[in-house]
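If you're matching positions, the sequence shown starts at 7 in my numbering and goes up one per residue.
Quick reminder that beta carbons are idealized off the backbone N, C-alpha and C, glycines included.
This report refers to the structure that appears directly beneath it.
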Amino acid sequence: MEFWNHIYDHFDPVAFNLFSIPVHWYGIMYVLALLGALFAAKWMIKRDKTKMTQSQLDDYFIYIEVGIILGARLGYILFYDPNTLYYLSQPWQMFNPYQNGEFVGIRGMSYHGAVIGWFLGSLLYYKRHKEISFGEIMDVVALAVPIGYIFGRVGNFLNKEIIGRTTEMPWAIYVDGVMRHPSQLYEAFLEGFMVFMIIFVYRRWKHFNGALILMYGFAYGWMRFIAEFWREPDPQLGFICCGWMTMGQLLSVMMIMAAVVIGLLVNKRVIQTKR
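This is the structure in structure tokens:
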């Protein structure tokens, strides 16, 4: 346990150097997150024999990979970064990996921003390829995203970011001399594995195409809301409501409400259509 408590003292966030450019474990995990989601989606469409083909899925992932990366970065700048106006006035700096002439990589990604980017990318794909319904596309993604999410949160842990709140639990880890919850791993389990299991089981009882993505929004929102109690609030924001609610929890509540409202409206329309 002692080794685990001091894990960051024994771990190098840089995996290797490529032509003198450091390649971080976080970047590797981000790539694995996209690949993991893709392979999970391929497995699901083969297992459930959906209308979406493997080639259609490959094309679709190109759209959403771009949307996710742009949305995640822009979302962080809009929701969390204290230099929002700077980036909006100089948008070319959003993906500048250098600071003061030093290569630091691209830091700061927002999950909720990535969701928006993914949705817009999905909508663009659907408008150009209407061979399958938008709901069917969303349901495939709903089962794939949690798998990719696991890698993403492990990447956060390896990069010593999105740290947990202080604690004296025996499995806590030292972060700059302070013992904290490994909240990134809690999130990998709750928002990744648990959400996947909920959707995997629920898919047997879905009543309409698109039901799985709505369940994803509902389940993820709750899991993220819970996990935020172990996660340190963003230092530039702190608690934004009621003295205890974080930005992540506020966005998660909005996500839950949106999933419930849309689900009720769609289900009502499906029932009326059957009549």
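Buried versus exposed call for residue i [16 or more other C-beta atoms within 10 Å across all chains shown]
i, result
"Val29", "exposed"
"Pro152", "buried"
"Gly154", "buried"
"Val184", "exposed"
"Glu234", "buried"
"Asn102", "exposed"
"Ser26", "exposed"
"Glu8", "exposed"
"Phe22", "exposed"
"Asp145", "buried"
"Leu94", "exposed"
"Leu24", "exposed"
"Leu44", "buried"
Whole-angstrom distance between residue j and residue i, CA atom to CA atom
i, j, result
"Ser128", "Ile70", "6 Å"
"Met203", "Gln60", "23 Å"
"Ile68", "Gly42", "14 Å"
"Gln62", "Glu137", "9 Å"
"Lys48", "Thr90", "38 Å"
"Asn6", "Arg209", "Examination of residue 6 is not possible in this model, given that the chain is present from 7 through 281 alone."
"Arg79", "Gln96", "14 Å"
"His118", "Ala46", "21 Å"
"Phe125", "Gly73", "8 Å"
"Cys4", "Arg134", "The question about residue 4 has no answer, for the chain in this structure spans 7 to 281."
"Phe214", "Asp18", "47 Å"
"Gln242", "Arg186", "19 Å"
"Ala120", "Met50", "22 Å"
"Ile83", "Met100", "8 Å"
"Phe231", "Gly244", "15 Å"
"Thr173", "His12", "14 Å"
"Gly141", "Gly81", "24 Å"
"Glu238", "Ile168", "7 Å"
"Pro88", "Trp250", "20 Å"
"Ser139", "Ile75", "24 Å"
"Met175", "Leu191", "15 Å"
"Trp211", "Val20", "45 Å"
"Leu40", "Arg275", "34 Å"
"Asp182", "Gly254", "24 Å"
"Lys55", "Ser116", "33 Å"
"Asp65", "Trp98", "27 Å"
"Ala150", "His16", "33 Å"
"Phe195", "Pro188", "11 Å"
"Arg53", "Val37", "24 Å"
"Thr252", "Asp240", "8 Å"
C-beta atoms of residue i and residue j nearer than 8 Å
i, j, result
"Ala148", "Ile262", "no"
"Trp31", "Asn165", "yes"
"Val272", "Gly216", "yes"
"Gly77", "Ile122", "yes"
"Gly170", "Trp236", "yes"
"Ile143", "Met58", "yes"
"Gly223", "Ala178", "no"
"Phe206", "Ile156", "no"
"Leu256", "Ile246", "yes"
Cβ-Cβ separation, residue j to residue i (assumed contact under 8 Å), whole Å
i, j, result
"Tyr86", "Gly114", "7 Å"
"Tyr226", "Glu193", "That belief does not hold up - the Cβ atoms of Tyr226 and Glu193 are roughly 10 Å apart, past 8 Å."
"Met229", "Val201", "6 Å"
"Tyr14", "Tyr131", "The Cβ separation is near 40 Å, so there is no contact."
For this session: Could you pull out every unbroken alpha helix (DSSP H) segment of at least 4 residues lying fully inside the stretch 137-206, listed in chain order?
Result: 140-164 and 189-193
Exercise. In chain order, which continuous runs of the alpha helix (DSSP H) of length 4 or greater are located wholly inside the stretch 52-90?
Worked result: Inside the stretch 52-90, DSSP marks whole alpha helix (DSSP H) runs of 4 or more residues at positions 60-85, from first to last along the chain.
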